[in-house]
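Worksheet: the structure to be examined is printed underneath.
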Amino acid sequence: MPILTTENLTIAFGGLRAVDGVSLKIEKGLTSVIGPNGAGKTTLFNLLTGFYKPTGGKIFFGEKEITSLPVHKIARLGISRSFQILKIFVDMTVFENIRVAVQAQMGHGMEFFVSRDRLTDVTKRAEDILEEINLASKGGLKAKNLSYGDKRILEIGLSLAGSPQVLLLDEPTCGVGAHERAGVARFIHELTKKWTILLVEHDMDIVMDISDRVVVMQQGRVIADGTPGEIRNNDTVREVYLGR
Amino acid sequence: MRRFLKLPFVWMFLFFLVLPYLLPLIKGYTALASEILIYAMFALGFNLLLSYTGLASFGHAAFFGIGAYAMALTQLKLSDDLWLGLLMGMVAAGFFAGIVGAIICRKRGIYFSLLTLAFSQMFFFIAFRWDEVTGGETGLTGLRRPPLRLPGLPAVSLTEPMAFYLFALAVFMVVMILIWRLVHSPFGSVLQSIKQNEVRAKYLGYNTVFYKWVSFTISGIISGLAGAMFLLQQDAVFPTYLNWTESGNVVMVTIMGGGVVNFFGPILGAGIFVILQNAIGAYTEHWLLILGLIFIAIIMVIPEGILGLFKRTKTVQQ
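As they're listed, the protein sequences go chains D and Y.
Counting from 1, one number per residue, gives the positions in the first sequence under our numbering.
Counting from 1, one number per residue, gives the positions in the second sequence under our numbering.
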């Protein structure tokens with residue numbers, strides 16, 4: 001049983017079909033979605049997470065249809081994502097960022113008169129995640145004071161805090177310098193041991209190194225789907241994407 | 001004991017206990033001190049929305065005024081029980097804040113702010129025109145300050161300014177501690193996450209519209225309580241309580257004091273506002289003009305408000 005399934009998923013903005021009849025079955029492991037700019041990769045993520053409502057087609061999470069669910073309900077079901085443009089809480093400390101994310105997963109959000117410092121289960125889980133993402137030593141820093149690479153990792157950490165079943169990573173190395181890029185790639189590779197990941201990434205070396213499966217999109221459609229080796233040798237992909 | 005003395009509330013309580021004895025030094029009086037407490041309560045409630053949820057309401061005077069009218073109408077039509085009046089002030093303000101919030105909390109930024117302004121002007125217009133209930137332009141006057149009744153204790157008259165001040169201080173302390181608790185609770189963390197990045201908060205699984213609505217309603221309830229207390233202090237209520245100028249004043253008070261960066265900023269802002277209003281108002285009826293200039297000067301020099309200055313000094317020292 002695939003974890004995430006799309007059936008003929010479509011969204012049109014006026015006359016433009018940004019995602020056009022995409023049918024995918026996402027299984028365990030790391031699936032990368034690649035394609036030139038404007039191929040519809042981020043729009044696909046926005047559809048899968050409820051940010052956009054499709055104009056056609058269906059989305060299933062396991063057996064449950066989630067096509068018309070709002071973002072927060074989809075997140076609570078276990079589909080989490082990181083963003084191409086950082087979305088962290090810059091004026092909170094690194095620890096507070098993770099804690100507020102853990103709170104959501106543990107259902108403590110509507111507690112009005114308890115001190116947040118007394119939620120020991122939340123604190124423990126937040127500390128564990130900080131260890132896991134190697135930011136424990138920076139827990140007391142304001143998020144805005146982190147290096148860009150660390151901000152990227154915190155962005156992913158926020159997604160992990162909800163203990164998702166599927167993690168959607170949208171260009172996690174975007175804007176990261178060459179010296180930090182390898183670290184982020186290693187970190188993503190580590191994540192594949194525990195989570196099912198759907199990755200949008202422009203760095204082909206990273207994609208081909210760590211993916212179990214690669215889906216290629218162009219103009220809103222899936223033009224190829226296979227292992228990294230198969231995609232490398234696919235003539236259509238070479239022509240439209242790799243420029244050969 | 002040492003730990004107890006470290007609590008800012010203890011020092012604030014002690015300060016407010018002696019405030020009525022300090023105010024005469026600057027030609028103030030006890031009722032002015034009560035007004036500071038009531039205005040501080042209103043500003044703290046407003047600041048829950050502005051600085052902790054990131055929603056700028058330009059119409060919060062509506063809930064302040066509704067609280068005052070509800071207290072007055074309870075006394076005139078139902079009962080002169082103090083607690084019932086205060087409760088009705090909070091319930092009425094919370095009810096209308098709940099309705100308005102349900103309509104506008106999906107909106108963001110300037111659209112949200114303009115809708116709060118529009119709704120508050122609607123409420124102002126109703127208060128101004130509905131003569132049979134609100135007394136229209138002349139409001140409801142001649143109300144009295146009911147005695148304070150507590151179970152097992154004899155009734156205490158609140159007609160003396162000092163007695164009312166001490167009652168206002170007790171209510172203020174309870175409200176302040178509750179808001180403090182609220183902003184440091186898990187709920188408070190969610191509000192702050194919504195303020196900083198609402199999209200991310202949604203993706204964490206929070207129903208951000210619902211959280212904003214709860215914050216808006218709580219803020220309305222506190223404003224309503226402040227309005228009901230203000231009625232007790234003034235013994236009258238007028239439609240001007242709901243006017244946009246009052247909504248502007250609470251924004252000014254909160255920002256001027258440094259509410260954006262410090263929990264206690266609105267209290268300082270309320271103190272400065274009420275004292276300056278009284279001091280300048282003794283010399284000229286154009287006091288708001290001068291107060292406006294002072295506000296502009298403060299914001300130009302210290303955009304984060306007066307308590308922002310201390311934060312800045314601390315940062316420089318570090």
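We put the beta carbon where it would ideally sit given N, CA and C, even for glycine.
The model shown is predicted, which means the values in this text are computed figures rather than measured ones.
Query	Result
Pull out every residue of the stretch 108-131 of chain D whose Cβ sits closer than 9 Å to any Cβ of chain Y, in chain order.	His108, Gly109, Met110, Glu111, Phe112, Phe113, Val114, Ser115, Arg116, Asp117, Leu119, Val122
Listing by chain order, which chain Y residues have their CB less than 8 Å from the CB of D:Phe89?	Gln192, Ser193, Gln196, Asn197, Arg200
Assuming contact is defined by CB atoms lying nearer than 8 Å, are Y:Phe310 and Y:Met252 in contact in what I supplied?	no
Going along chain D in order, which residues have a C-beta closer than 7 Å to the C-beta of Y:Phe187?	Gly109, Met110, Glu111, Phe112
Report yes or no: do the stretch 195-203 of chain D and the stretch 27-43 of chain D share at least 3 C-beta pairs separated by less than 8 Å?	yes
Given Y:Tyr29, which residues of its chain have a CB within under 7 Å of its CB, disregarding the five upstream and five downstream residues?	Leu23
By Cβ distance, which residues of its chain are closer than 8 Å to Y:Ile298, with the 5 residues on each side in sequence left out?	Met256, Gly305, Ile306
Helix, strand or coil, according to DSSP, for Y:Ser193 in the structure here?	helix
Just checking my contact of D:Val214 with D:Gly226 at CB under 8 Å: how many whole Å lie between their CB atoms?	7 Å
Identify, in the order they occur along the chain, each residue of the same chain with its Cβ nearer than 6 Å to the Cβ of Y:Gln318, setting aside the five sequence neighbours on each side.	Its pLDDT being 48, under 50, Y:Gln318 is placed unreliably in this model, and the value from its coordinates should be taken loosely. Excluding residues within five positions, none has a Cβ falling inside 6 Å.
Can a CB atom of chain D be found closer than 8 Å to the CB of Y:Gln318?	Residue placement at Y:Gln318 is poorly supported in this model, since its pLDDT is 48, which falls under 50; the coordinates are not used for a value here.
Does any residue of chain Y bring its CB to less than 8 Å from the CB of D:Gly226?	no
Using the beta-carbon count (16 or more within 10 Å), is Y:Pro151 buried or exposed?	exposed
Measuring alpha carbon to alpha carbon, tell me which residue in D:Val100, D:Gly109, D:Val122, D:Lys73 is nearest D:Glu155.	D:Val100
Output the residue ranges of the alpha helix (DSSP H) runs that lie fully inside the stretch 30-117 of chain D and measure 4 residues or longer, sorted by chain position.	41-48, 71-77, 94-106
Specify, as a first and last residue, the run of the beta strand (DSSP E) that Y:Ser113 falls within.	Run containing Y:Ser113: none in the beta strand (DSSP E); it sits in the alpha helix (DSSP H), 109-129.
Can you name the residues that DSSP bridges to D:Leu24?	D:Thr6
Excluding five sequence neighbours on each side, which residues of the same chain lie with their C-beta closer than 6 Å to the C-beta of D:Val237?	Val216, Ala224, Ile231
In chain order, what residues of the same chain have a beta carbon less than 6 Å from the beta carbon of Y:Gly101, not counting five sequence neighbours either side?	Trp213, Phe216, Thr217
Taking D:His189 as the query, report the chain Y residues whose CB atoms sit under 9 Å from its CB, ordered along the chain.	What D:His189 touches in chain Y: nothing, since even the nearest Cβ is about 23 Å away.
Identify every residue that forms a DSSP beta bridge with D:Gln218.	D:Arg221
Could one say the Cβ of Y:Gly205 lies closer than 8 Å to chain D's Cβ atoms, at least one of them?	yes
On a CA-only basis, which of D:Leu169, D:His72, D:His189 is nearest D:Gly109? Give me that one, please.	D:His72
How about Y:Ala226 and Y:Ile38: are their beta carbons less than 8 Å apart?	yes
Where are the beta strand (DSSP E) runs, 3 residues long or more, that stay fully inside the stretch 119-180 of chain D, in chain order?	166-170
Evaluate Y:Phe167 with the Cβ neighbour count: other Cβ atoms within 10 Å of its Cβ, from every protein chain shown; 16 or more gives buried, anything less gives exposed.	buried
Is D:Gly50 near D:Ile85, with beta carbons less than 8 Å apart?	no
In chain D, which residues lie with their C-beta within 7 Å of the C-beta of Y:Arg181?	Phe113
Label Y:Asn47 either buried or exposed according to how many other C-beta atoms from any shown protein chain fall within 10 Å of its C-beta, with 16 as the threshold for buried.	buried
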